[in-house]
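Sequences listed follow chains A and B, in order. Mapping the first sequence onto this note's numbering, position 162 (from 1) lands on 162, and the numbers just tick up by one. Mapping the second sequence onto this note's numbering, position 292 (from 1) lands on 612, and the numbers just tick up by one. Yeah, the Cβ is synthetic: ideal placement off N, Cα and C, and Gly gets one too. Remember, it's a predicted structure, so these values are computed and weren't measured experimentally. Have a look at the structure below, then the notes.
There are 2 protein chains.
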Amino acid sequence: MIDLCTLGTGGSIPMPARALASLYVRCDGHALLVDCGEGTQMQIMKLGWGFRCIEAVLLTHFHADHVSGLPGFLLAQAKANRDQPLDLYGPPGLAHVVSSLRVIAPQLPYEVRCHDLAMEPSPIRVCGLDITAFPLRHSIPCLGYDFRLPRLPRFDPDAARHLQIPVRYWGQLQRGESVEVDGRRVEACLVQGEARTGLHFLYATDTRPSGNIREFGQGADLMILEGMYGDPEKANLAHKNHHMLFREAAECARDAGAGRLLLTHYSTSMEDPEIFLEETRHIFPPTDCALDLSQATLQFDRAPVLNLRPLIPPVIPVES
Amino acid sequence: MIDLCTLGTGGSIPMPARALASLYVRCDGHALLVDCGEGTQMQIMKLGWGFRCIEAVLLTHFHADHVSGLPGFLLAQAKANRDQPLDLYGPPGLAHVVSSLRVIAPQLPYEVRCHDLAMEPSPIRVCGLDITAFPLRHSIPCLGYDFRLPRLPRFDPDAARHLQIPVRYWGQLQRGESVEVDGRRVEACLVQGEARTGLHFLYATDTRPSGNIREFGQGADLMILEGMYGDPEKANLAHKNHHMLFREAAECARDAGAGRLLLTHYSTSMEDPEIFLEETRHIFPPTDCALDLSQATLQFDRAPVLNLRPLIPPVIPVES
């Protein structure tokens with residue numbers, strides 16, 4: 001199961017009730033962030049999913065609205081008693097940007113490891129997720145991220161019985177591990193049945209429509225794409241600022257054959273992005289507009305569940 | 321008249337409903353900020369007093385909770401079409417900190433001028449206010465700021481008549497300007513009566529109690545001081561972390577003979593700082609706890625007016 005939360009849905013500058021870009025991704029007790037705009041630490045507090053489980057931050061690019069919350073987030077991790085390393089990923093130049101921003105967070109009780117990614121498809125593995133970073137089409141180098149949670153093929157008990165493997169070994173084999181049975185090595189693939197589809201979502205903001213989005217997002221359960229402008233009359237502005245219209249995002253999702261589309265990263269010119277939903281759904285019907293703290297849950301063998309306006313429980317203050 | 325607003329009242333780390341340190345100071349159409357913690361730009365939007373009128377930011381020190389909102393604030397000024405220079409003041413090292421943080425805000429359509437202040441009393445003049453920066457007692461170099469709005473002496477019409485100055489010159493003389501009357505130069509001091517008291521407030525956070533606070537704040541209409549901990553049992557923690565208890569702030573205000581005391585910069589261990597007010601008022605009765613967006617108004621010949629829970633009008637979104 002994967003839980004997602006759009007912590008902030010503002011593009012470029014925030015609004016009083018719209019924080020800047022950040023996505024919280026939680027999978028089997030581990031977590032990561034994509035981007036960390038100003039206010040991210042407050043949004044994580046509101047959400048209540050915690051700080052210390054966040055093992056990595058994947059930055060799309062170095063415009064301030066995607067990274068200005070990093071010093072505060074690093075210090076919030078320290079206040080949460082983090083002692084394990086934190087991995088940061090981002091476009092080339094990451095280490096320089098992070099060390100510059102850390103002028104106000106120089107001392108941390110844990111290691112910050114910067115991984116500069118190339119501007120070409122790059123596989124990384126974080127929180128049990130197979131992630132591919134891929135280049136987008138923005139005014140500065142910008143990466144999208146494609147996430148896949150693989151699923152093992154179905155276990156075949158008949159094959160296990162046929163190979164005379166005692167039941168006490170079945171658990172390991174089901175988890176894909178090989179076992180030793182009476183001096184005989186048995187590989188998991190010998191007792192695996194039909195292949196099963198894993199989970200797949202893609203995140204891309206700050207870009208014009210791109211072949212990479214359509215290609216990596218092929219058949220994704222969920223795409224989270226920028227919808228900087230809803231109004232089709234802002235096409236020129238979208239071109240000029242290297243952003244997408246709602247309908248362009250919907251075309252990407254449609255062309256990729258995605259299951260659902262969640263829009264985010266809105267211009268302040270749209271107070272209510274949902275007024276543009278109806279016409280966007282003519283292009284790709286299962287489109288929704290994320291709000292700050294909207295949530296999505298992806299589960300094997302089920303359609304994604306969206307909770308756009310979740311009730312967030314009150315936050316218990318921390319001692320300090 | 322001076323209007324003040326405590327944009328954020330959180331110390332060290334924010335809470336969901338408590339932004340980090342920043343004070344908005346408005347005087348005769350000009351404005352400045354003291355400190356600029358993460359979330360300041362959102363708080364300014366909520367307040368609705370505007371960005372472009374802010375001509376300067378006075379930083380107390382370089383802990384992240386006081387400066388992490390600076391890149392976002394600088395970009396928000398750009399979005400508000402600022403074209404005039406912005407002046408930044410702060411302890412030694414300011415220019416290095418600002419240039420490091422600007423790694424994510426490198427291009428701005430206006431000039432940012434950094435003024436490093438010495439760690440000794442330093443007079444500056446911003447927005448028509450006579451300001452003295454003075455050193456505090458924190459774990460790193462930290463400045464407090466004392467603000468005075470001078471007031472001209474009362475105009476003496478009898479003296480003006482006695483000197484045979486036509487009434488058409490009186491306005492200039494009242495504003496303290498000298499005039500030429502039939503080839504005769506008349507200085508304003510010749511037609512000034514009794515001296516009049518101006519306005520005076522002081523801002524100091526992130527410090528142990530200090531002689532400078534008591535000295536510069538002597539007779540201030542209002543002191544805004546940190547109250548990191550309300551509980552007197554946290555005295556050791558206050559010592560260790562170089563912060564003040566509520567009662568220590570109250571003692572400073574009492575010893576300075578201040579008119580009122582507004583506490584701010586609260587630890588996250590206090591969900592409701594007001595529960596410690598009653599015992600603090602035994603030391604200095606006119607003490608209040610600021611909340612985010614609390615306001616104070618200082619006017620000549622009147623006691624300060626506090627509005628701790630103002631109704632903030634809804635914000636009109638900006639085109640972008």
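Please return the same chain residues whose Cβ sits closer than 8 Å to the Cβ of residue i, not counting the five positions on each side in sequence.
{"i": "B:Asp592", "result": "none"}
{"i": "B:Gly448", "result": "Cys347, Asp348, His350 and Leu469"}
{"i": "A:Leu74", "result": "Leu86, Arg102, Ala105, Leu108 and Val112"}
{"i": "A:Leu4", "result": "Leu23, Tyr24, Val25, Arg26, Phe201, Leu222, Ile224, Gln295, Ala296, Thr297 and Leu298"}
{"i": "A:Asp65", "result": "Gly10, Gly11, Ser12, Ile13, Pro14, Leu20, Ala21, Gly37 and Glu38"}
{"i": "B:Ile451", "result": "Leu378, Pro443, Ile444, Arg445, Tyr465, Asp466, Phe467 and Arg468"}
{"i": "A:Leu293", "result": "Cys5, Thr6, Leu7, Gln43, Lys46, Leu47, Pro310 and Ile312"}
{"i": "B:Thr527", "result": "Leu456, Arg457, His458, Cys462, Gly464, Ile533, Glu546, His562, His563 and Met564"}
Note down the Cα distance separating residue i from residue j, rounded to an integer number of angstroms.
{"i": "B:Ser388", "j": "B:Phe475", "result": "47 Å"}
{"i": "A:Arg254", "j": "B:Leu437", "result": "58 Å"}
{"i": "A:Ser320", "j": "A:Val25", "result": "Bear in mind that a pLDDT of 43 at A:Ser320, under 50, signals an unreliable position, so the model cannot answer this."}
{"i": "A:Tyr169", "j": "A:Arg125", "result": "28 Å"}
{"i": "A:Ala31", "j": "A:Gly50", "result": "9 Å"}
{"i": "B:Val638", "j": "A:Thr268", "result": "Low local confidence applies: a pLDDT of 47 at B:Val638 is under 50, so the model's placement there is unreliable, with the coordinate-based value given in what follows. If you take the alpha carbons of B:Val638 and A:Thr268, they lie about 6 Å apart."}
{"i": "B:Arg338", "j": "B:His602", "result": "27 Å"}
{"i": "A:Ala204", "j": "A:Gly144", "result": "5 Å"}
{"i": "B:Pro411", "j": "A:Leu86", "result": "31 Å"}
{"i": "B:Ala570", "j": "B:Ala540", "result": "14 Å"}
{"i": "A:Glu226", "j": "A:Ala21", "result": "10 Å"}
{"i": "A:Ala256", "j": "A:Asn81", "result": "42 Å"}
{"i": "A:Pro71", "j": "B:Gln404", "result": "28 Å"}
{"i": "A:Pro280", "j": "A:Gly11", "result": "Going by the sequence as given, residue 280 of chain A is Thr instead of Pro. Taking the straight line joining both Cα atoms gives about 19 Å."}
{"i": "A:Gly193", "j": "A:His162", "result": "13 Å"}
{"i": "B:Cys462", "j": "A:Leu277", "result": "50 Å"}
{"i": "B:Ile322", "j": "B:Ala508", "result": "25 Å"}
{"i": "B:Val625", "j": "B:Leu583", "result": "15 Å"}
{"i": "B:Pro660", "j": "B:Gly368", "result": "The question about residue 660 of chain B has no answer, for chain B in this structure spans 321 to 640."}
{"i": "B:Val506", "j": "B:Ile595", "result": "58 Å"}
{"i": "A:His265", "j": "A:Ala56", "result": "21 Å"}
{"i": "A:Glu177", "j": "A:Val97", "result": "41 Å"}
{"i": "A:Glu233", "j": "A:Met42", "result": "35 Å"}
{"i": "A:Ser100", "j": "A:Gln218", "result": "37 Å"}
{"i": "A:Ala303", "j": "A:Val191", "result": "28 Å"}
{"i": "A:Lys79", "j": "B:Pro336", "result": "15 Å"}
Counting C-beta neighbours from all protein chains within 10 Å, is the total for residue i 16 or more, i.e. buried, or is it exposed?
{"i": "A:Gln77", "result": "buried"}
{"i": "B:Ala480", "result": "buried"}
{"i": "B:His559", "result": "exposed"}
{"i": "A:Pro109", "result": "exposed"}
{"i": "B:Ile424", "result": "buried"}
{"i": "A:Asp35", "result": "buried"}
{"i": "A:Leu311", "result": "exposed"}
{"i": "B:Cys347", "result": "buried"}
{"i": "B:Pro334", "result": "buried"}
{"i": "B:Arg567", "result": "buried"}
{"i": "A:Asn212", "result": "buried"}
{"i": "B:Arg629", "result": "exposed"}
{"i": "A:Cys214", "result": "Residue identity differs from the one stated: residue 214 of chain A is Arg in this sequence, not Cys. By the neighbour-count rule (16 or more Cβ atoms within 10 Å), A:Arg214 is buried."}
{"i": "B:Gly503", "result": "exposed"}
{"i": "B:Asp478", "result": "exposed"}
Apart from the five residues just before and just after residue i, which ones in its own chain have a Cβ nearer than 7 Å to its Cβ?
{"i": "A:Ser210", "result": "Leu136 and Arg137"}
{"i": "A:Ala237", "result": "First, the amino acid is wrong: residue 237 of chain A is Leu here, not Ala. Tyr229."}
{"i": "A:Arg151", "result": "Arg196, Thr197, Gly198 and Phe300"}
{"i": "A:Ala95", "result": "Cys114 and Asp116"}
{"i": "B:Met590", "result": "Gly550"}
{"i": "A:Ala235", "result": "Leu245"}
Is the beta carbon of residue j closer than 7 Å to that of residue i?
{"i": "B:Leu307", "j": "B:Thr360", "result": "Any property of residue 307 of chain B remains undetermined from this structure, which presents chain B solely from 321 to 640."}
{"i": "B:Phe536", "j": "B:Phe467", "result": "no"}
{"i": "B:Ala610", "j": "B:Thr329", "result": "yes"}
Which same chain residues, not among the five before or five after residue i, have their C-beta less than 6 Å away from its C-beta?
{"i": "A:Asn307", "result": "Gln295"}
{"i": "A:Pro121", "result": "Thr132 and Phe134"}
{"i": "B:Arg372", "result": "Ala400 and Arg402"}
Check the C-beta distance from residue i over to residue j and give it rounded, since I have them as a contact under 8 Å.
{"i": "B:Leu493", "j": "B:Val499", "result": "6 Å"}
{"i": "B:Thr607", "j": "B:Leu581", "result": "4 Å"}
{"i": "A:His63", "j": "A:Ile165", "result": "Not confirmed; about 55 Å, so no contact."}
{"i": "A:Ile54", "j": "A:Leu33", "result": "6 Å"}
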